[in-house]
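Working notes, structure below.
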Amino acid sequence: VDKSGIVSYKKKPTSELMAAIQLGIGQSVGGLSSKPERDVLMQDFGVVEVVFFPGEGSNLTPAHHYSDFRFKTYAPVAFRYFRDLFGIQPDDFMLSLCDEPLKELSNPGASGSIFYLTQDDEFIIKTVQHKEAEFLQKLLPGYFLNISQNKRTLLPKFYGLYCYQCSGKNIRFTVMNNLLPSTVKLHEKYDMKGSTYKRKASKHERSKSSPTLKDLDFMDNHPEGLQLEKDTYDALIKTLQRDCRVLESFKIMDYSLLVGIYNLDLANKEKKQIQEFQSQQYCNTFITRHFWNRQSQSTVQQQQIQLQQDKEQSENYGSSQSRSDRTDTRNSLHRGKSFKTRIGQYSTPMESIQGVTDLNEEIDEDTDVPSDIQTPHWLSNSHVSDCPGGIPARNAKGERLLIYLGIIDILQSFRLKKRLEHTMKSIVIDGDTISVHRPSYYAQRFLQYHATRVFKKTPTALKHSPSKKR
Ligand code: ATP
Ligand code: CA
Ligand code: CA
Numbered sequence: 010v011d012k013s014g015i016v017s018y019k020k021k022p023t024s025e026l027m028a029a030i031q032l033g034i035g036q037s038v039g040g041l042s043s044k045p046e047r048d049v050l051m052q053d054f055g056v057v058e059v060v061f062f063p064g065e066g067s068n069l070t071p072a073h074h075y076s077d078f079r080f081k082t083y084a085p086v087a088f089r090y091f092r093d094l095f096g097i098q099p100d101d102f103m104l105s106l107c108d109e110p111l112k113e114l115s116n117p118g119a120s121g122s123i124f125y126l127t128q129d130d131e132f133i134i135k136t137v138q139h140k141e142a143e144f145l146q147k148l149l150p151g152y153f154l155n156i157s158q159n160k161r162t163l164l165p166k167f168y169g170l171y172c173y174q175c176s177g178k179n180i181r182f183t184v185m186n187n188l189l190p191s192t193v194k195l196h197e198k199y200d201m202k203g204s205t206y207k208r209k210a211s212k213h214e215r216s217k218s219s220p221t222l223k224d225l226d227f228m229d230n231h232p233e234g235l236q237l238e239k240d241t242y243d244a245l246i247k248t249l250q251r252d253c254r255v256l257e258s259f260k261i262m263d264y265s266l267l268v269g270i271y272n273l274d275l276a277n278k279e280k281k282q283i284q285e286f287q288s289q290q291y292c293n294t295f296i297t298r299h300f301w302n303r304q305s306q307s308t309v310q311q312q313q314i315q316l317q318q319d320k321e322q323s324e325n326y327g328s329s330q331s332r333s334d335r336t337d338t339r340n341s342l343h344r345g346k347s348f349k350t351r352i353g354q355y356s357t358p359m360e361s362i363q364g365v366t367d368l369n370e371e372i373d374e375d376t377d378v379p380s381d382i383q384t385p386h387w388l389s390n391s392h393v394s395d396c397p398g399g400i401p402a403r404n405a406k407g408e409r410l411l412i413y414l415g416i417i418d419i420l421q422s423f424r425l426k427k428r429l430e431h432t433m434k435s436i437v438i439d440g441d442t443i444s445v446h447r448p449s450y451y452a453q454r455f456l457q458y459h460a461t462r463v464f465k466k467t468p469t470a471l472k473h474s475p476s477k478k479r
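For the sequence shown, this note's numbering assigns the number 10 to the initial residue and increments by one for each residue that follows.
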């Protein structure tokens, strides 16, 4: 951030970067539609497409007010297949990414990456270093192999890898799934590795309105961990185990589990307080009352308009079968919820651990949840509509929680780091024998921590068991 308040990345104003990203992705995804869909071939992973965007426009690109730039798309056909696998239609992808301004997020990480979020909360854009982009390219075939075998995963979902090139600078970035809803305020957020060394959020971070805390903060705040019903706990830990095995096989380390907690009971209290405050205002004077009246009227009108728009939109997408099916499925989870909340159109944490990606799978009508996992009784009759798709849990006080989570920051390969450390350490100790075990040690510790300290099984006595079909 400079003196005049302009935010830059690699000396590029981020507003320009954002605009270029939107132009680039629009052209890239749009251009793909002329190429027929086909199976992914091995050589697709190595393809890099480059398009020049001159200010005055070209037969491929629109005119723009920024510096001329080049836009690179890595493995376009492979990523198209990947998006398709997750039910993302090209039109929807473009609409989310290119039609509305992106929101810039403040990044608590030390790496200096920039994060952008799409208005609809579905996608996150993260700038990555040269080495990380290279690593992702190498990772792709193996990563695809895994994802197509196993959709029940909390690994990041990479929807694209791009590079913006301008006046000798390269800015690489990936498009991924966003894990945390931003339309509702989460009560707590943790970035955890299962380590205690330097794992406390800085004072600066803690002073933020929605800080990202770390392992030691979690253990302070939740010495007894978070309670999950047995089936949910088992599904979650199994998913983490499989994911860690994959990460270890790629020698990846330093990843985190990002955990967002929405406290339903706290949220209800907060809502009540606001309502009380509002009704107090309402009674105060006629003018105030008149004001609130108009306010609430216009809100209702706005909501109706939004609902209508959303309805029309989803009707328009009638052709994109998978998405409308998914929307139906998800809406049936929490009937009557406003369509406005569109967190996790493509994947919610609950789906990630249940693996409900087969849309033809039977849906249990009684519980409204398409899975084997029972939903606790409190979930159906409370204000879940604010925050769909979270994993139900409780804290030590017995308060009802919805949890959002996923593994992040997986582009650190140990092999890259090793080369640096090797020369130093191998002189003193046998670098290789120690280093080979490090990704495995990391995964072990990560799992152990989450399976025993963070998440716990609800003691069976407390368990509520509604009727279960199937
Ligand atoms: P460092 O390497 O210093 O740890 P980084 O720049 O590589 O940081 P990440 O660790 O990937 O960044 O993420 C930093 C923070 O950004 C996370 O703690 C989280 O708050 C947020 N974040 C990252 N990825 C996501 C995501 N997919 N959805 C929501 N929030 C995310
Ligand atoms: Ca990180
Ligand atoms: Ca990182």
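Each residue gets a CB set at the ideal place from its N, CA and C atoms; glycine is no exception.
I think residue i touches residue j, with their Cβ atoms under 8 Å apart; what is that distance to the nearest whole Å?
i: Gln174; j: Cys107; result: Going by Cβ atoms, the distance from Gln174 to Cys107 rounds to 19 Å, so no, they are not a contact pair.
i: Met103; j: Gly39; result: 7 Å
i: Leu249; j: Leu237; result: That pair is no contact at about 12 Å.
i: Leu188; j: Tyr271; result: At roughly 13 Å, the Cβ-Cβ gap does not stay under 8 Å, so Leu188 and Tyr271 are not in contact.
i: Ile416; j: Tyr264; result: 5 Å
i: Thr162; j: Asp252; result: 6 Å
i: Val49; j: Asn155; result: At roughly 14 Å, the Cβ-Cβ gap does not stay under 8 Å, so Val49 and Asn155 are not in contact.
i: Lys135; j: Phe78; result: That belief does not hold up - the Cβ atoms of Lys135 and Phe78 are roughly 19 Å apart, past 8 Å.
i: Leu420; j: Leu145; result: 6 Å
i: Ser13; j: Phe259; result: About 43 Å separates the two Cβ atoms, so there is no contact after all.
i: Ala210; j: Lys223; result: 5 Å
i: Pro190; j: Asp130; result: 6 Å
i: Glu257; j: Pro99; result: That pair is no contact at about 34 Å.
Alpha carbon to alpha carbon, how far is residue j from residue i? Give it in angstroms, no decimals.
i: Glu143; j: Leu235; result: 37 Å
i: Glu279; j: Phe286; result: 11 Å
i: Ile261; j: Arg208; result: 19 Å
i: His73; j: Tyr125; result: 21 Å
i: Val56; j: Gln36; result: 17 Å
i: Tyr242; j: Glu408; result: 17 Å
i: Gln289; j: Leu273; result: 24 Å
i: Tyr18; j: Val59; result: 22 Å
i: Ile443; j: Asn68; result: For Ile443, the predicted structure reports a pLDDT of 48, less than 50, and the residue's modelled location is therefore unreliable. A value from the coordinates is still provided. The straight-line gap from Cα to Cα measures roughly 56 Å.
i: Thr350; j: Thr192; result: For Thr350, the predicted structure reports a pLDDT of 37, less than 50, and the residue's modelled location is therefore unreliable. A value from the coordinates is still provided. Cα to Cα, Thr350 sits roughly 7 Å from Thr192.
i: Arg403; j: Met228; result: 15 Å
i: Ala452; j: Tyr458; result: 10 Å
i: Ser269; j: Gln282; result: The identity of residue 269 in the sequence shown is Gly, whereas the question assumes Ser. Their Cα atoms are separated by approximately 23 Å.
i: Tyr413; j: Leu164; result: 13 Å
i: Tyr75; j: Gly398; result: 40 Å
i: Val137; j: Ser105; result: 21 Å
i: Leu6; j: Ser24; result: This structure does not reach residue 6, given that the chain is present from 10 up to 479, and the question cannot be answered.
i: Thr366; j: Thr357; result: The predicted model places Thr366 with a pLDDT of 41, which falls under 50 and marks its position as unreliable; any figure quoted below should be read in that light. Roughly 11 Å separates the two Cα atoms.
i: Pro22; j: Gln128; result: 20 Å
i: Asn186; j: Ile97; result: 11 Å
i: Ala29; j: Gly66; result: 13 Å
i: Val16; j: Leu26; result: 11 Å
i: Lys178; j: Arg215; result: 34 Å
i: Glu141; j: Leu94; result: 24 Å
i: Tyr206; j: Gly121; result: 21 Å
i: Lys198; j: Ala460; result: 18 Å
i: Ile362; j: Pro63; result: 45 Å
i: Ser204; j: Asn116; result: 21 Å
i: Leu410; j: Lys212; result: 26 Å
i: Pro232; j: Phe455; result: 17 Å
i: Ser157; j: Met51; result: 15 Å
i: Pro220; j: Ser176; result: 36 Å
i: Thr384; j: Ile180; result: 44 Å
i: Tyr450; j: Leu267; result: 20 Å
i: Arg92; j: Glu360; result: 16 Å
i: Thr70; j: His139; result: 26 Å
i: Lys160; j: Glu46; result: 21 Å
From which residue to which residue does the alpha helix (DSSP H) around residue i run?
i: Gln31; result: Thr23 to Leu41
i: Ala402; result: From DSSP, Ala402 is part of no alpha helix (DSSP H) but of the beta strand (DSSP E) over Ile400 to Arg403.
i: Gln146; result: His139 to Gln158
i: Leu456; result: Arg447 to Tyr458
i: Ile362; result: Pro358 to Gln363
Where do the ends of the beta strand (DSSP E) carrying residue i lie?
i: Lys212; result: That residue, Lys212, is in no beta strand (DSSP E); its alpha helix (DSSP H) goes Lys212 to Arg215.
i: Met201; result: Glu197 to Met201
i: Asn179; result: Lys178 to Asn186
i: Leu411; result: Arg409 to Ile417
i: Leu170; result: Phe167 to Cys175
i: Tyr125; result: Phe124 to Leu126
Is there contact here, the segment 108 to 116 with the segment 147 to 161, by at least three beta-carbon pairs under 8 Å?
Cβ pair count under 8 Å is below three, so no.
Enumerated in chain order, which unbroken segments of the alpha helix (DSSP H) with a length of 4 residues or greater are wholly contained in the segment 227 to 301?
Those alpha helix (DSSP H) runs which fall completely within the segment 227 to 301 and span 4+ residues are 239 to 258 and 273 to 293.
The segment 79 to 92 in contact with the segment 170 to 186 per 3-pair CB rule at 8 Å
The segment 79 to 92 vs the segment 170 to 186: in contact.
Length at least 4, wholly inside the segment 45 to 112: the alpha helix (DSSP H) runs in chain order:
Here the runs fully enclosed are 85 to 94 and 99 to 107.
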